[in-house]
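Numbering (this note's numbering), first residue to last: 1041 to 1223. The beta carbon of each residue, even a glycine, is placed where N, CA and C say it ideally should be. Since the model is a prediction, treat every value here as computed from it, not as a measurement. Below: the structure, in structure tokens.
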């Protein structure tokens, strides 16, 4: 039995709308953000060294990359859920880029996968380069790179790539854990 053309169009639109809604929900679970500032349990699962897709920073061969270099190159890049380029990047992709360039480590693509790497570190023992994680909603997570003096580098939904303070009341209230993925 053939369907009337009008019904086929409505059915197609419903399928398309459902797919877009599903993709938006799945994407939000991977990386989130929150208001930005002026200022657990360990897991045995360690996937450092696995090959993942990442976006390399173009640092001249004779120049040592640092998180400061990464920040200067990406500062102000807008946040884009699922983004991996300078036209838009999300928090986990930004961490992935930073680690690929500074430590030549290929981290997983999602915040939830990154949260299982390395070893758990107490907040008062964090060192430059440790990953800092936040629970920004019921099922939402955010990740950044600790750069010292209570500051972390991340891709914020509101301001793009920036540095924020762990002393900011918002970030302090949603702080979840820190993990060390380098020796």
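Quiz item: Cβ of residue 1186 within 7 Å of Cβ of residue 1201?
Solution: Residue 1186 sits at position 146 when you count from the first residue of the chain shown. Residue 1201 sits at position 161 when you count from the first residue of the chain shown. Going by C-beta atoms, residue 1186 is not nearer than 7 Å to residue 1201.
Self-check item: Cβ-based neighbour list, residue 1120, same chain, cut-off 8 Å, excluding 5 preceding and 5 following
Solution: Counted from its first residue, the chain shown places residue 1120 at position 80. Counting only Cβ-Cβ distances below 8 Å, and skipping sequence neighbours, we find 1127, 1128, 1129 and 1130.
Quiz item: Excluding five sequence neighbours on each side, which residues of the same chain lie with their C-beta closer than 8 Å to the C-beta of residue 1162?
Solution: Position 122 of the chain shown, counted from the first residue, corresponds to residue 1162. Result list for residue 1162: 1218, in chain order.
Quiz item: Shortest alpha-carbon distance to residue 1169 belongs to which of 1203, 1184, 1196 and 1117?
Solution: Mapped onto the chain shown, residue 1169 falls at position 129. Nearest of 1203, 1184, 1196 and 1117 to residue 1169, Cα basis: 1184.
Self-check item: Boundaries of the alpha helix (DSSP H) in which residue 1212 is found, first to last residue
Solution: Position 172 of the chain shown holds residue 1212. 1209 to 1214 is the extent of the alpha helix (DSSP H) around residue 1212.
Quiz item: To which residues of the same chain is residue 1133 closer than 6 Å at the C-beta, ignoring the five residues directly before and after it?
Solution: In the chain shown, residue 1133 corresponds to position 93, counting from 1. Contacts found: 1124.
Self-check item: Cut-off 6 Å between Cβ atoms - residues of its own chain near residue 1114, not counting five sequence neighbours on either side
Solution: Your numbering for residue 1114 matches position 74 in the chain shown. Excluding positions up to five away in sequence, the list reads 1201.
Quiz prompt | CB contact flag (residue 1151, residue 1181, <7 Å) | solution = Residue mapping note: residue 1151 aligns to position 111 of the chain shown, counting from 1. Residue mapping note: residue 1181 aligns to position 141 of the chain shown, counting from 1. Closer than 7 Å, so yes.
Quiz item: How would you label residue 1136, buried or exposed, when you count the other beta carbons within 10 angstroms and need 16 or more for buried?
Solution: Along the chain shown, read from residue 1 onward, the residue named residue 1136 stands at position 96. Label assigned to residue 1136: buried.
Quiz item: Mind checking whether residue 1146 and residue 1155 have CB atoms under 7 Å apart?
Solution: Indexing the chain shown from 1 puts residue 1146 at position 106. Indexing the chain shown from 1 puts residue 1155 at position 115. The answer is no: Cβ separation not under 7 Å.
Quiz item: Would you report the Cα separation of residue 1089 and residue 1221, rounded to the nearest angstrom?
Solution: Your numbering for residue 1089 matches position 49 in the chain shown. Your numbering for residue 1221 matches position 181 in the chain shown. Here the model assigns residue 1089 a pLDDT of 39, short of 50, so the residue's position is not dependable, and the following value carries that caveat. In a straight line, the C-alpha of residue 1089 is about 10 Å away from that of residue 1221.
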